[in-house]
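Single-structure report; data block below.
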Amino acid sequence: MSSKSAGSRLPEKWFRRGLWLIALIFASFLIGLGSKIIGDLPMTVESRTLENYMDDIGARPLREEKDRLAAGNGKLDDEIGQVALELDKQRAQTAAEQQSLDNWLATRSATEQSEQNPEVLARTRKIDGLKAKEQKLEQQHNTLRRRLLDNEQQAARNEGRLNELEERAQKTKDSDDRRTELTVFLYRLVLTLPLLLAAGWLFAKKRRSRWWPFVWGFIYFALFAFFVELVPYLPSYGGYVRYAVGIFATVLIGRYAITAMSRYLERKRTEEAQPAPERSRRLDYDLAQQRIAKSICPGCDRTLDFQHPEMDFCPHCGIDIFDRCKQCETRKSVFNRYCFHCGAPAAGADADQDKC
7 MSSKSAGSRL PEKWFRRGLW LIALIFASFL IGLGSKIIGD LPMTVESRTL
57 ENYMDDIGAR PLREEKDRLA AGNGKLDDEI GQVALELDKQ RAQTAAEQQS
107 LDNWLATRSA TEQSEQNPEV LARTRKIDGL KAKEQKLEQQ HNTLRRRLLD
157 NEQQAARNEG RLNELEERAQ KTKDSDDRRT ELTVFLYRLV LTLPLLLAAG
207 WLFAKKRRSR WWPFVWGFIY FALFAFFVEL VPYLPSYGGY VRYAVGIFAT
257 VLIGRYAITA MSRYLERKRT EEAQPAPERS RRLDYDLAQQ RIAKSICPGC
307 DRTLDFQHPE MDFCPHCGID IFDRCKQCET RKSVFNRYCF HCGAPAAGAD
357 ADQDKC
């Protein structure tokens, strides 16, 4: 970017806006390419799940046993449900038959020896058979429940061993994850740090060059890579790394700002020590017009009241602000090349045009 940071010509303003747009578009394409490269970095490191670590220490047989026991428990639950249903039906049938016998006996004649009656004996044997079936179903039901209880106890022991292996595997995985995180971060740093160094050099040396749109586009890209692609992925380690990087970056930026301010103040003191007419001639035309439009002294950057009718010099640095036209005596700005009243050229106007 040239020292004419804000030209007064309308085409120049639009050209500069177009060049800033080019800088942003250039930065966006660089950011897209960089994000693609950064996004593929984790693929360079093997990714392993917790199950992989557990398999390394013998968890696979335990998981297979767990699946087998779960399947067995499900099958036993189904069998127990079926046997319980049959048992309920059998109990209902036995109770109904017993009730039928009791009702039939109640209607018999008191003089008849019912216990010797063949029908009584037949019905009694039938009830005995039903009770035998009921007892068999109860035994089967109890056997299945014992097997289910044994399976559940074995599954609980198996789950306990799996939990122990999972804890061991998690510690190993956490250690490997931290190592992987540090590796990926170092890859990011290797890619990002040269970009930052190059952006710093371009900012210091080339930001006012002819090719400034590409320079600023690259600077934006480097800043995005640092703040978006690097900083969020700083390893934690209890926050020490993040705080250390934050302190370093703050000191670096603060040192640059303090140095820049010192250079600026020194330059202004040197300029103010020079004769006012010489300082006026050395000021850039467009920069002076820009500062005047903001009610700022072109020489010392202090605020002035340019509407004051009698102010011809800056009360802070003594630089000429207004003079009178040599031809029509109209009061005008020292930094205008021509008189706005009569159009006469100001002193040194041709030389100023040559400088543009």
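Going by this note's numbering, the sequence shown wraps up at 362, each residue one higher than the last.
Yeah, the Cβ is synthetic: ideal placement off N, Cα and C, and Gly gets one too.
query: Going straight from the alpha carbon of H314 to that of V237, what length do you get?
result: Counted from its first residue, the sequence shown places residue 314 at position 308. Counted from its first residue, the sequence shown places residue 237 at position 231. About 52 Å.
message: I'd like the list of long-range same chain contacts for L168, defined as Cβ closer than 6 Å, with 5 residues on each side in sequence excluded.
response: Residue mapping note: residue 168 aligns to position 162 of the sequence shown, counting from 1. Here the set comprises L68.
query: How would you call Y344, buried or exposed, if buried means at least 16 neighbouring beta carbons within 10 angstroms?
result: The count along the sequence shown starts at 1 and reaches residue 344 at position 338. Per the 10 Å Cβ criterion, exposed.
For F328, the first and last residue of its enclosing beta strand (DSSP E): As a first step, residue 328 is located in the sequence shown; it is residue number 322 there, counting from the start. Element bounds for F328: F328 to R330.
- request: Consult DSSP for D351 and reduce its assignment to one of helix, strand or coil.
  value: By 1-based counting over the sequence shown, the position of residue 351 is 345. With the sequence shown as reference, residue 351 is identified as Pro, and Asp is not the correct amino acid for it. Of the three classes helix, strand and coil, the one that applies to P351 here is strand, per DSSP.
task: Please state if the CB of L56 and the CB of E172 are separated by a distance shorter than 9 Å.
output: Position 166 of the sequence shown, counted from the first residue, corresponds to residue 172. Position 50 of the sequence shown, counted from the first residue, corresponds to residue 56. When the beta-carbon positions are compared, E172 and L56 come within less than 9 Å of each other.
query: DSSP state of S301, grouped into three classes?
result: Counting from 1 along the sequence shown, the entry for residue 301 is found at position 295. Assignment of S301 by DSSP, reduced to helix, strand and coil, places it in the coil class.
message: Quick check: the Cα distance between T256 and T265, rounded to an integer number of angstroms?
response: Position 250 of the sequence shown holds residue 256. Position 259 of the sequence shown holds residue 265. In a straight line, the C-alpha of T256 is about 14 Å away from that of T265.
- request: Assuming F341 and A294 form a contact by the criterion Cβ under 8 Å, report the distance between their Cβ atoms to the nearest whole angstrom.
  value: As a working note, residue 341 is residue 335 in the sequence shown. As a working note, residue 294 is residue 288 in the sequence shown. Rounded, the Cβ-Cβ distance is 4 Å, consistent with contact.
field: Secondary structure of S106, DSSP reduced to three states
entry: Taking the sequence shown and counting its residues from 1, the one referred to as residue 106 is at position 100. Three-state result, S106: helix.
- prompt: Given a threshold of 16 other Cβ atoms within 10 Å of its Cβ, counted over all protein chains shown, does V196 qualify as buried or as exposed?
  reply: By 1-based counting over the sequence shown, the position of residue 196 is 190. Exposed, because fewer than 16 other Cβ atoms sit within 10 Å of the Cβ of V196.
query: Which parts of the segment 165 to 233 are runs of the alpha helix (DSSP H), unbroken and 4 residues or longer, counting only runs that do not cross its ends?
result: 218 to 230
query: How big is the Cα-Cα spacing for R308 and K338?
result: Along the sequence shown, one-based indexing puts residue 308 at 302. Along the sequence shown, one-based indexing puts residue 338 at 332. Cα-Cα distance, rounded: 20 Å.
field: Endpoints, the alpha helix (DSSP H) within which Y59 is located
entry: Counting from one through the sequence shown, the residue named residue 59 turns up at place 53. Run containing Y59: L56 to D62, per the alpha helix (DSSP H) assignment.
- prompt: Which class does T336 belong to by DSSP, given the choice of helix, strand or coil?
  reply: The residue labelled residue 336 in the question sits at position 330 within the sequence shown. The answer is coil: DSSP assigns T336 none of H, G, I, E or B.
- prompt: How many Å lie between R23 and Y262 at the Cα?
  reply: Translated into positions along the sequence shown, residue 23 becomes position 17. Translated into positions along the sequence shown, residue 262 becomes position 256. Using only the alpha carbons, I get a separation of about 28 Å.
message: So for F312, helix, strand or coil by DSSP?
response: Residue numbering aside, residue 312 sits at position 306 when the sequence shown is read from its first letter. Reduced to three states, the DSSP call for F312 is coil.
- prompt: Ordered along the chain, which non-local residues of its own chain (more than five positions away) have a Cβ less than 6 Å from that of D61?
  reply: Within the sequence shown, the letter at position 55 stands for residue 61. There are no such residues.
- prompt: When you compare only the Cα positions, how much space is there between G64 and K81?
  reply: Looking up residue 64 in the sequence shown gives position 58. Looking up residue 81 in the sequence shown gives position 75. For G64 and K81, the distance between alpha carbons rounds to 27 Å.
- prompt: Quick one, are the C-beta atoms of N157 and L240 less than 9 Å apart?
  reply: Working through the sequence shown from its first residue, we reach residue 157 at position 151. Working through the sequence shown from its first residue, we reach residue 240 at position 234. Not closer than 9 Å, so no.
- request: Verify whether the separation of the beta carbon atoms of K139 and Q105 is less than 9 Å.
  value: Your numbering for residue 139 matches position 133 in the sequence shown. Your numbering for residue 105 matches position 99 in the sequence shown. In this structure, Q105 does not lie closer than 9 Å to K139 by Cβ.
task: Counting only the same chain and skipping the five closest in sequence on each side, list residues whose C-beta sits under 6 Å from that of A161.
output: For this step, residue 161 is matched to residue 155 along the sequence shown. So the qualifying residues of the chain are L75.
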